[in-house]
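Going down the list, the protein sequences come from chains A and B.
Going by our numbering, the letters in the first sequence line up with residues 542 to 645, in that order.
Going by our numbering, the letters in the second sequence line up with residues 542 to 645, in that order.
The beta carbon of each residue, even a glycine, is placed where N, CA and C say it ideally should be.
Bear in mind the structure is a predicted one, so any value in this text is a computation, not a measurement.
Here the structure is laid out as structure tokens; the discussion comes afterwards.
There are 2 protein chains.
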Amino acid sequence: MDAVFRALADPSRRRLLDSLHAKNGQTLAALCEQMDMTRQAVTKHLTILEGANLVATIRKGREKEHYLNPVPINDIAERWIGKYEKGRLKALGDLKKSLEGEEP
Amino acid sequence: MDAVFRALADPSRRRLLDSLHAKNGQTLAALCEQMDMTRQAVTKHLTILEGANLVATIRKGREKEHYLNPVPINDIAERWIGKYEKGRLKALGDLKKSLEGEEP
DNA sequence: TTGACATGCAACCAAATGGTTGCATATTAG
DNA sequence: CTAATATGCAACCATTTGGTTGCATGTCAA
Numbered sequence: 542m543d544a545v546f547r548a549l550a551d552p553s554r555r556r557l558l559d560s561l562h563a564k565n566g567q568t569l570a571a572l573c574e575q576m577d578m579t580r581q582a583v584t585k586h587l588t589i590l591e592g593a594n595l596v597a598t599i600r601k602g603r604e605k606e607h608y609l610n611p612v613p614i615n616d617i618a619e620r621w622i623g624k625y626e627k628g629r630l631k632a633l634g635d636l637k638k639s640l641e642g643e644e645p
Numbered sequence: 542m543d544a545v546f547r548a549l550a551d552p553s554r555r556r557l558l559d560s561l562h563a564k565n566g567q568t569l570a571a572l573c574e575q576m577d578m579t580r581q582a583v584t585k586h587l588t589i590l591e592g593a594n595l596v597a598t599i600r601k602g603r604e605k606e607h608y609l610n611p612v613p614i615n616d617i618a619e620r621w622i623g624k625y626e627k628g629r630l631k632a633l634g635d636l637k638k639s640l641e642g643e644e645p
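See the structure below:
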């Protein structure tokens with residue numbers, strides 16, 4: 542879970558996920574074309590995404606295909622974000638109530 | 542949006558959000574008691590959470606109350622995560638299909 | 001009014017992060 | 001076979017990050 546949050550923290554990595562979401566199974570070279578940084582830097586980002594289980598790769602000859610794995614994102618939505626959505630109205634109400642009681 | 546993702550990347554900050562979710566409107570000192578680091582470090586984390594609009598604060602005399610703002614989390618769920626949930630089955634299917642075609 | 005308490009601010013530090021360059025290896029096309 | 005292509009690995013670097021210590025300021029209570 543922590544690895545997923547940390548992986549999502551970088552805009553370049555979110556962009557890679559977006560790219561794979563638009564066109565799944567892209568090769569490293571294909572992803573690099575869109576990324577305004579060296580291939581090696583992209584590799585590092587992809588390694589982090591793999592570590593968070595957000596991307597799976599398959600070697601095909603001398604190429605490497607990258608596939609999006611949306612499951613960890615879904616997990617975060619269910620196990621973490623869901624909790625906050627439930628208390629949403631309550632939280633805003635708490636703040637409002639405290640503001641009313643300001644300068645007592 | 543980027544600020545929210547980066548704010549959520551640190552486990553201490555997620556813990557602070559959890560604490561405020563459990564008990565809203567806590568003071569800085571109260572939050573520090575649970576955090577195994579100096580008050581100043583906690584302040585830094587809270588500043589980052591405020592910068593991401595995840596926490597709102599009100600000064601009450603010499604104390605400062607901290608309130609959770611769940612709206613940015615909700616925004617991420619709707620505008621970012623939602624996109625991935627839709628393509629979920631498709632993405633897994635892509636990967637499976639590519640695996641079947643391995644070593645061609 | 002004075003002392004205790006809650007918070008603010010700033011300098012400093014080690015480690016992590018995001019990027020680079022340079023070179024090595026494996027595969028495919030001609 | 002050989003040359004071009006696709007990726008891997010490692011050392012290095014600047015900046016950011018997460019934390020500390022030390023001191024300053026503002027507010028409440030006795």
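Per-residue burial, residue i [other beta carbons within 10 Å of its own, 16 or more giving buried]
| i | result |
| --- | --- |
| A/Ala570 | exposed |
| B/Ala618 | buried |
| A/Gln567 | buried |
| A/Leu640 | exposed |
| A/Leu630 | exposed |
Contacts around residue i, its chain only, beta-carbon distance under 7 angstroms, and the 5 residues preceding and following it disregarded
| i | result |
| --- | --- |
| A/Ala593 | Ala544, Val545, Ala548 and Pro613 |
| B/Glu644 | In this prediction, B/Glu644 scores a pLDDT of 47, lower than 50, which makes its location untrustworthy; the coordinate-derived value is nonetheless stated afterwards. So no residue of the chain qualifies. |
| B/Leu572 | Leu557, Ser560, Val583 and His607 |
| B/Asn565 | Tyr608 and Leu609 |
| B/Ile589 | Ala548 and Arg554 |
| B/Gln575 | Ser560 |
Own chain partners of residue i with C-beta closer than 8 angstroms, once the 5 adjacent residues on each side are dropped
| i | result |
| --- | --- |
| B/Arg555 | Leu549 |
| A/His527 | Absent from the structure is residue 527 of chain A, since the part of chain A shown begins at 542 and ends at 645. |
| A/Trp621 | Met542 |
| B/Thr598 | Leu587, Glu591, Lys605, Glu606, His607 and Tyr608 |
| B/Arg492 | Missing from the structure shown is residue 492 of chain B; chain B here goes from 542 to 645 and no further. |
8 angstroms Cβ cutoff, residue i in contact with chain A
| i | result |
| --- | --- |
| B/Leu569 | no |
| B/Ala632 | yes |
| B/Ala544 | no |
Option nearest residue i by Cα separation, candidates the options
| i | options | result |
| --- | --- | --- |
| A/Glu591 | A/Leu630, A/Leu633, A/Ser639 and A/Leu557 | A/Leu557 |
| B/Pro552 | A/Asp551, A/Pro552, A/Met542 and A/Ser553 | A/Met542 |
| A/Asn610 | B/Leu636, B/His562, B/Asn565 and B/Leu595 | B/Leu636 |
| B/Leu595 | B/His562, B/Gly634 and B/Lys638 | B/His562 |
Residue i Cβ short of 7 angstroms to the ligand SAH heavy atom set
| i | result |
| --- | --- |
| A/Arg603 | In the structure shown, the ligand SAH is absent, as is every other ligand, since no ligand is present at all. |
Assumed close pair residue i, residue j - CB separation to whole angstroms, cut-off 8 angstroms
| i | j | result |
| --- | --- | --- |
| A/Ala632 | B/Tyr625 | That belief does not hold up - the Cβ atoms of A/Ala632 and B/Tyr625 are roughly 25 angstroms apart, past 8 angstroms. |
Closer than 8 angstroms to chain B by CB, residue i
| i | result |
| --- | --- |
| A/Glu606 | yes |
| A/Ala550 | yes |
| A/Gly592 | no |
| A/Ile614 | yes |
| A/His562 | yes |
| A/Lys624 | yes |
| A/Leu640 | yes |
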